[in-house]
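To start, the structure itself, in structure tokens.
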Amino acid sequence: MLHIVNKSPESGSALHDCLRLCRSSDVLLLIGDGVYAALSGAWLQRSLGAAKAVYVLTPDLDARGVGARRDPRVVPVDYAGFVQLCCDHTPIQSWF
Amino acid sequence: MSPVRKKIAVVCRCPPYGSSYPREALDTVLAAAAFDQPVSLIFLGDGIWQLVKGQQPAQGKSLEKLLSALPLYDVDALYVDADALAQRGLTAADLSLPAQVSDSSALADLIAGHDVVLGF
Numbered sequence: 229m230l231h232i233v234n235k236s237p238e239s240g241s242a243l244h245d246c247l248r249l250c251r252s253s254d255v256l257l258l259i260g261d262g263v264y265a266a267l268s269g270a271w272l273q274r275s276l277g278a279a280k281a282v283y284v285l286t287p288d289l290d291a292r293g294v295g296a297r298r299d300p301r302v303v304p305v306d307y308a309g310f311v312q313l314c315c316d317h318t319p320i321q322s323w324f
Numbered sequence: 021m022s023p024v025r026k027k028i029a030v031v032c033r034c035p036p037y038g039s040s041y042p043r044e045a046l047d048t049v050l051a052a053a054a055f056d057q058p059v060s061l062i063f064l065g066d067g068i069w070q071l072v073k074g075q076q077p078a079q080g081k082s083l084e085k086l087l088s089a090l091p092l093y094d095v096d097a098l099y100v101d102a103d104a105l106a107q108r109g110l111t112a113a114d115l116s117l118p119a120q121v122s123d124s125s126a127l128a129d130l131i132a133g134h135d136v137v138l139g140f
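Note that the protein sequences, when read in sequence, are chains Z and V. Quick note on the working numbering: the first sequence kicks off at 229 and runs consecutively. Quick note on the working numbering: the second sequence kicks off at 21 and runs consecutively.
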């Protein structure tokens with residue numbers, strides 16, 4: 229399945245709760261304020277360990293001026309890629 | 021009667037009375053049930069507080085009372101996160117409705133088996 233997180237890791241429990249229920253066959257997409265979890269650090273390590281792959285929505289990274297800080301292990305996607313992820317995985321769970 | 025049936029998982033992480041999420045989750049569950057869609061209600065984290073017995077809001081409707089209507093709609097697939105209960109010093113005996121207490125891995129597989137997941 230696809231997990232979508234739109235809050236930053238330290239602003240609440242969205243990413244924490246998501247990772248608890250994320251299976252190794254699931255994928256994670258970071259959007260909105262969630263993109264801060266795509267930067268190198270402990271939260272990213274946990275995310276990479278929990279999910280099969282971690283994706284990040286690049287327009288949201290760029291809006292925040294942190295595109296260059298994206299960890300190389302996170303897969304960048306644009307809006308078309310976002311749609312494709314939603315088509316490729318079921319069900320989809322959004323975490324806020 | 022709609023011929024389409026989608027398995028819907030409603031995931032609750034918010035405690036009662038501090039926001040409108042719990043009421044909206046319940047409205048969604050009842051609407052799904054009214055349209056004959058199979059629905060599971062899953063309580064994670066602070067969401068389990070919605071099920072605690074003895075709620076007495078000074079104004080407005082008690083969520084506990086509203087939730088008690090679920091069996092009347094044949095909604096009995098309720099699940100509660102075991103860790104969330106333990107961390108809050110609660111047990112199944114503190115809950116106002118029967119719910120299956122499950123660990124995170126079982127809940128993950130359960131949710132993945134649904135067609136639609138709605139978070140509140």
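Just so it is clear, CB atoms sit at the ideal spot from N, CA and C, and this is done for glycine as well.
Rounded straight-line distance, which links the Cα of residue j to that of residue i
i	j	result
Pro237 (chain Z)	Arg298 (chain Z)	15 angstroms
Gln171 (chain V)	Ala113 (chain V)	In the structure as shown, chain V starts at 21 and stops at 140, and residue 171 (chain V) therefore has no counterpart that could be examined.
Ala141 (chain V)	Gly269 (chain Z)	With chain V running from 21 to 140 in the structure shown, residue 141 (chain V) is simply not present.
Lys85 (chain V)	Ala296 (chain Z)	52 angstroms
Phe140 (chain V)	Ser60 (chain V)	13 angstroms
Ala78 (chain V)	Asp245 (chain Z)	32 angstroms
Ala126 (chain V)	Cys250 (chain Z)	11 angstroms
Gln95 (chain V)	Ile28 (chain V)	One point to set straight first is that residue 95 (chain V) is Val, not Gln, in the sequence displayed. Their Cα atoms are separated by approximately 12 angstroms.
Tyr93 (chain V)	Val72 (chain V)	20 angstroms
Three-state class that DSSP yields for residue i in the structure shown
i	result
Pro287 (chain Z)	helix
Arg298 (chain Z)	strand
Ala78 (chain V)	coil
Val282 (chain Z)	strand
Val255 (chain Z)	strand
Val72 (chain V)	strand
Residue i and residue j closer than 9 angstroms at C-beta
i	j	result
Asp254 (chain Z)	Ala128 (chain V)	yes
Tyr99 (chain V)	Leu138 (chain V)	no
Gln70 (chain V)	Leu50 (chain V)	no
Ala265 (chain Z)	Trp323 (chain Z)	no
Tyr283 (chain Z)	Gly260 (chain Z)	no
Arg301 (chain Z)	Leu272 (chain Z)	yes
Check: residue i C-beta below 8 angstroms from any heavy atom of the ligand MG
i	result
Arg292 (chain Z)	What this structure holds is no ligand at all, so the ligand MG is not there to describe.
Per DSSP, the bridge partner or partners of residue i
i	result
Ile62 (chain V)	V:Val31, V:Tyr99
Trp323 (chain Z)	Z:Val233
Pro304 (chain Z)	Z:Val284
> Which whole runs of the beta strand (DSSP E) in the segment 95-138 of chain V are 3 residues long or more, in chain order?
Replying inline: If only uninterrupted beta strand (DSSP E) runs of at least 3 residues are considered, those enclosed by the segment 95-138 of chain V are 98-101, 120-122.
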